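Participant: Okay, here's the structure, questions in a sec.
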């Protein structure tokens, strides 16, 4: 008749034995003195039988980085105490533990430095990068071209982008190098994105919206002619509205570059595709060969037209090819990114 009592006693003693296997996944922290994670990072609270049960619950949850335990209350947190102490507060719970080692699949080298993956970064890979500029100096990514997850703000589900992790970090919006790539797509495709991130692709208006409304971004265009000469244009502060507002352009900032300004006169213009927009937008999307922000005269440049190779390297002078006004040659590629 004493067996149930023995089980209860053991359940409460085992967690405090240093050799308890489950606690081997955790560590106490002293990086900011006798502290714990701020309550704002708590995502769950449970009543549990013991500290061991609380530890086991946290260990099974990918989003749980740390936990506190007191009087059978188990507090789960999606944060660790980082070295600048900005995530910590003086300890109020009897027990506080963090997951040990590198988080989110990161791997440590012989010095203990964590090398992160899947867009995670910073000490112990505890957070997702906001954009490619944010993650550019992470040792795992620096100097590379990679498809990685970003999370511009905590309210947005992480999504994948193609990053160039040098030149200040570039988050690609449009990558068009192949003549066989067709940019004639419907509204859903332009909203959600299409193509292969490591090749020709359009990121997606919904993702662009979340990025450009998280901070100020430059929008940059890069193209080359048949002689492989490079031309780049920059808009200092690009922003768009949400889908309800047609993803209209709300800001472009200041323009700089060697060719025509093709975006400033598109301010307040909504996006159109061949199946979504007003009569003018539908007509322009069909003529230009892809979705874009179209005025009554469509647009001064065609960023979504076909890539065309001609014997002399010059334009065919048709509306469905890529072009800039007052430029005779036809672009051989187009890259558009946020930075």
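Residue numbers (UniProt numbering): 1 to 339.
Here a beta-carbon is modelled for each residue, glycine too, at the ideal position from N, C-alpha and C.
This structure is a prediction, so every number in the text was calculated from the model and none was measured.
1) One question on the structure: do residue 169 and residue 133 come within less than 8 Å of each other, judged by their Cβ atoms?
2) Does the Cβ of residue 17 have 16 or more other Cβ atoms within 10 Å, making it buried, or fewer, making it exposed?
3) What residues in its chain sit with their C-beta under 6 Å from that of residue 280, if we drop five residues either side in the sequence?
4) To the nearest angstrom, how far is it from the Cα of residue 342 to the Cα of residue 87?
5) Please classify residue 338: does DSSP put it in a helix, a strand, or coil?
6) Straight-line CA distance for residue 238 to residue 96?
7) Enumerate in chain order the residues of its own chain whose CB-to-CB distance from residue 42 is below 6 Å, with the five nearest sequence positions on each side excluded.
8) How far does the beta strand (DSSP E) with residue 251 in it reach, from first residue to last?
9) Considering residue 340, what are the terminal residues of the alpha helix (DSSP H) in which it resides?
10) Quick one: is residue 195 buried, meaning 16 or more other Cβ sit within 10 Å of its Cβ, or exposed?
11) Hey, would you say residue 106 sits closer than 8 Å to residue 117, going by beta carbons?
12) Taking Cβ positions, are residue 254 and residue 240 nearer each other than 8 Å?
13) State the Cα-Cα distance for the pair residue 344 and residue 203, rounded to the nearest angstrom.
14) Given a cut-off of 8 Å, decide if residue 37 and residue 80 are closer than it, judged by their beta-carbon atoms.
15) Report, in whole angstroms, the separation of the C-beta atoms of residue 177 and residue 306, which I expect to be a contact under 8 Å.
16) Give the secondary structure of residue 14 by DSSP, where H, G and I count as helix, E and B as strand, and everything else as coil.
17) Secondary structure at residue 1, three-state DSSP: helix, strand or coil?
18) Does the region 260–274 come close enough to the region 170–189 that 3 or more CB-CB pairs lie under 8 Å?
19) Taking residue 191 as part of the alpha helix (DSSP H), name the residues at either end of that continuous run.
20) Using the three-state DSSP reduction, which class does residue 260 fall into: helix, strand or coil?
21) Any idea if residue 291 is buried or exposed, counting beta-carbon neighbours within 10 angstroms, 16 or more meaning buried?
22) Mind checking who residue 314 pairs with in its DSSP beta bridge?
23) May I ask you to list the residues that DSSP assigns as paired with residue 146?
24) Assuming residue 301 and residue 260 form a contact by the criterion Cβ under 8 Å, report the distance between their Cβ atoms to the nearest whole angstrom.
25) For the alpha helix (DSSP H) that residue 210 lies in, which residues bound it at each end?
26) Could you check what DSSP says for residue 56 in three-state terms: helix, strand or coil?
27) Is residue 85 buried or exposed, if buried means 16 or more other CB atoms sit within 10 Å of its CB?
28) Decide if residue 1 is buried, meaning its Cβ has at least 16 other Cβ atoms within 10 Å, or exposed.
29) Express the C-alpha separation of residue 232 and residue 309 in angstroms, rounding to a whole number.
30) Whose C-alpha, out of 198, 242, 236 and 222, is nearest the C-alpha of residue 258?
31) Going by CA-CA distance only, name the one from 109, 71 and 101 that's closest to residue 92.
32) Have a look at residue 7 and residue 49 and give me their C-alpha separation to the nearest angstrom.
33) Would you call the CB atoms of residue 384 and residue 66 closer than 8 Å?
34) Any idea which residues DSSP pairs residue 106 with across the strands?
Facilitator: Considering the structure as presented:
1) In this structure, residue 169 sits near residue 133, with a CB-CB distance shorter than 8 Å.
2) Low confidence applies here, because residue 17 scores a pLDDT of 46, under 50, leaving its location unreliable and the question unanswered by this model.
3) 296
4) There is simply no residue 342 to check, as the chain begins at 1 and stops at 339 in what is shown.
5) strand
6) 44 Å
7) Result list for residue 42: 75 and 77, in chain order.
8) That run of the beta strand (DSSP E) goes 249–251.
9) This structure does not reach residue 340, given that the chain is present from 1 up to 339, and the question cannot be answered.
10) buried
11) yes
12) no
13) In the structure displayed, the chain extends from 1 to 339; residue 344 sits before or after that span and is not available.
14) Closer than 8 Å, so yes.
15) At roughly 13 Å, the Cβ-Cβ gap does not stay under 8 Å, so residue 177 and residue 306 are not in contact.
16) For residue 14, the predicted structure reports a pLDDT of 47, less than 50, and the residue's modelled location is therefore unreliable. The matter cannot be settled from this model.
17) Summary for residue 1: the model assigns pLDDT 49, below 50, so the residue's position carries little reliability; its value from the coordinates is reported in the next sentence. Under the three-state reduction of DSSP, residue 1 is assigned to coil, being neither helix nor strand.
18) As far as the Cβ criterion goes, the region 170–189 touches the region 260–274, which means the pair count is three or higher.
19) 187–192
20) In the structure shown, residue 260 falls within a coil segment according to DSSP collapsed to helix, strand and coil.
21) buried
22) 329
23) In the DSSP assignment, residue 146 forms a beta bridge with 163.
24) 6 Å
25) 205–212
26) helix
27) exposed
28) Because the pLDDT at residue 1 is just 49, under 50, the model does not fix this residue reliably, and the point stays unresolved.
29) 20 Å
30) Checked all of 198, 242, 236 and 222; the closest Cα to residue 258 is 222.
31) 71
32) Unreliable placement is indicated for residue 7, whose pLDDT of 47 sits below 50; no coordinate value is reported for it.
33) With the chain running from 1 to 339 in the structure shown, residue 384 is simply not present.
34) Answer is none; residue 106 lacks a bridge partner.
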